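Take a look at the structure set out below.
There are 2 protein chains.
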Amino acid sequence: MKPVFVEEIHQLHAELCQALADPKRILILYALSERPLNVGELTELLGIRQSNVSQHLAVLRDRGLVNAERDGTNVRYSLKYPMVVAALDLLRGVLRDSLSDTRNRAERLMEIVR
Amino acid sequence: MKPVFVEEIHQLHAELCQALADPKRILILYALSERPLNVGELTELLGIRQSNVSQHLAVLRDRGLVNAERDGTNVRYSLKYPMVVAALDLLRGVLRDSLSDTRNRAERLMEIVR
DNA sequence: TTCTTATATTCGAGAGATCGAATATATCCC
DNA sequence: GGGATATATTCGATCTCTCGAATATAAGAA
């Protein structure tokens with residue numbers, strides 16, 4: 000495998016992470032991990048403009064992370080790879096540890112300052 | 000827990016993902032998962048400017064993903080949470096599946112077009 | 001066809017990310 | 001102290017992201 004392809008893999012890998020790098024898209028993915036939802040339901044859930052929801056869904060579609068199935072006038076979105084949510088869960092664990100570390104460090108510093 | 004805090008968690012979660020959303024930072028994290036490295040070694044590995052490496056390391060530091068330990072004139076960086084690389088591995092798996100799906104779809108389409 | 005509802009796309013403004021170049025800081029050695 | 005090396009930061013240009021507003025498309029009902 001040529002180095003140029005290796006770099007392209009890392010680019011795609013980064014673009015996948017980029018798709019997760021927005022709080023609303025994270026919410027969308029977690030919601031879809033429960034059950035498929037159409038755009039209207041997601042719009043109500045997120046409490047933002049419908050066009051904005053569609054824009055975020057377009058990002059997730061571009062990255063191949065969701066399926067879109069038209070059902071009459073609705074479009075039903077579903078999660079394509081549950082592993083994405085597993086990855087998000089791992090990162091949430093990292094976040095928890097990181098916050099805990101930060102808090103403990105702050106507490107130690109407070110002891111010294113007191 | 001108040002809704003405002005829930006939203007802040009999703010914001011932090013997204014910021015964590017954002018830290019992974021760059022090919023060079025992904026390479027840095029994978030390299031550090033093998034062993035701690037100093038800035039010079041990372042610069043050589045990535046083949047980019049030293050200032051750029053420092054900038055990427057600053058992002059990872061800000062998000063609390065790496066430790067930086069000064070050793071004389073060098074600074075040794077190490078991975079703080081191996082789970083981050085586990086999450087990257089999961090996403091790489093998703094990427095592989097996604098590419099495989101795309102290829103298979105293209106093959107089926109070629110059958111029809113032929 | 002026209003009307004209505006659901007969803008998608010386009011556009012432009014503002015915010016944010018990335019880079020190289022230049023400069024600053026920190027440590028060590030003399 | 002001064003000089004050398006390693007790393008960090010700042011600055012400005014360019015690019016990308018996100019949003020709301022407006023508009024476009026698609027399907028169904030009348």
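Those protein sequences? They're chains A and B, same order as listed.
Numbering-wise (the numbering used here), the first sequence opens with residue 0 and increments by one.
Numbering-wise (the numbering used here), the second sequence opens with residue 0 and increments by one.
Glycine is no exception: its CB is placed at the ideal position from the N, C-alpha and C atoms.
Nothing here was measured: the structure is a model prediction, and the numbers come from that model.
* **Endpoints, beta strand (DSSP E) assigned at B:Arg69** => Locating residue 69 of chain B in the second sequence gives position 70, counting from the first residue. Unbroken beta strand (DSSP E) run through B:Arg69: 65-70.
Practice task
For the alpha helix (DSSP H) holding A:Arg29, just list the boundary residues, first then last.
Solution key: Start at 1 with the first residue of the first sequence, and residue 29 of chain A comes out as number 30. According to the sequence as given, residue 29 of chain A is Tyr; it is not Arg. Taken as a continuous stretch (DSSP letters only), the alpha helix (DSSP H) holding A:Tyr29 covers 22-33.
Worksheet entry | Spatial distance of A:Leu90 from A:Val112 (CA atoms) | Start at 1 with the first residue of the first sequence, and residue 90 of chain A comes out as number 91. Start at 1 with the first residue of the first sequence, and residue 112 of chain A comes out as number 113. Going from the Cα of A:Leu90 to the Cα of A:Val112 covers about 33 Å.
Problem - Limits of the beta strand (DSSP E) - the one that B:Arg48 falls within - result: The sequence position of residue 48 of chain B within the second sequence is 49, counting from 1. Element bounds for B:Arg48: n/a, residue is neither H nor E.
Quiz item: Can you give the Cα-Cα distance for B:Leu64 and B:Gly39, rounded to whole angstroms?
Solution: Working through the second sequence from its first residue, we reach residue 64 of chain B at position 65. Working through the second sequence from its first residue, we reach residue 39 of chain B at position 40. Each residue's Cα considered, the two are about 19 Å apart.
#### Entry: Of the residues B:Phe4, B:Met109, B:Leu41, the one placed nearest B:Asn73, counting alpha carbons only
Mapped onto the second sequence, residue 73 of chain B falls at position 74. For the residues B:Phe4, B:Met109, B:Leu41, the minimum Cα distance to B:Asn73 belongs to B:Leu41.
Note down, in chain order, every chain A residue with its Cβ under 9 Å from the Cβ of B:Gln10. Counted from its first residue, the second sequence places residue 10 of chain B at position 11. Contact annotation for B:Gln10 against chain A: Pro22 [CB-CB distance below 9 Å, chain order].
Check your understanding: If you drop the 5 nearest sequence neighbours on each side, which residues of the same chain put their C-beta closer than 8 Å to that of B:His55?
Key -> The count along the second sequence starts at 1 and reaches residue 55 of chain B at position 56. So the qualifying residues of the chain are Asp21, Lys23, Arg24, Ile27.
Mapping DSSP to helix, strand and coil, what is A:Arg95? Taking the first sequence and counting its residues from 1, the one referred to as residue 95 of chain A is at position 96. Helix.
Q) In the structure shown, what three-state DSSP assignment does B:Arg62 receive? A) Residue numbering aside, residue 62 of chain B sits at position 63 when the second sequence is read from its first letter. B:Arg62 falls in the coil class under three-state DSSP.
For B:Ala67 and B:Asp61, I'd like the C-alpha separation in whole angstroms. Within the second sequence, the letter at position 68 stands for residue 67 of chain B. Within the second sequence, the letter at position 62 stands for residue 61 of chain B. Roughly 11 Å between the two C-alpha positions.
C-alpha distance - A:Ala134 paired with B:Leu19, whole-angstrom precision: This structure cannot settle anything about residue 134 of chain A, because the visible part of chain A is limited to 0 through 113.
Report task. For A:Tyr80, decide whether its Cβ has a neighbour in chain B, counting only Cβ atoms nearer than 7 Å. Result -> Residue mapping note: residue 80 of chain A aligns to position 81 of the first sequence, counting from 1. Closer than 7 Å to some Cβ of chain B, the Cβ of A:Tyr80 qualifies, so yes.
Exercise for review: Step through the CB atoms of chain A and report whether any lies within less than 7 Å of the CB of B:Leu15.
Suggested key: Within the second sequence, residue 15 of chain B is the residue found at index 16, counting from 1. Chain A contact via Cβ: present.
Exercise. When you compare only the Cα positions, how much space is there between A:Met82 and B:Val83?
Worked result: Locating residue 82 of chain A in the first sequence gives position 83, counting from the first residue. Locating residue 83 of chain B in the second sequence gives position 84, counting from the first residue. Answer to the nearest angstrom: the Cα atoms are 14 Å apart.
| said: Which residues in chain B have a C-beta closer than 7 Å to the C-beta of A:Leu25? List them in chain order. | reply: Indexing the first sequence from 1 puts residue 25 of chain A at position 26. Sequence inspection shows Ile at residue 25 of chain A; the Leu mentioned does not correspond to that position. The answer, in chain order, is His9, His12, Ala13.
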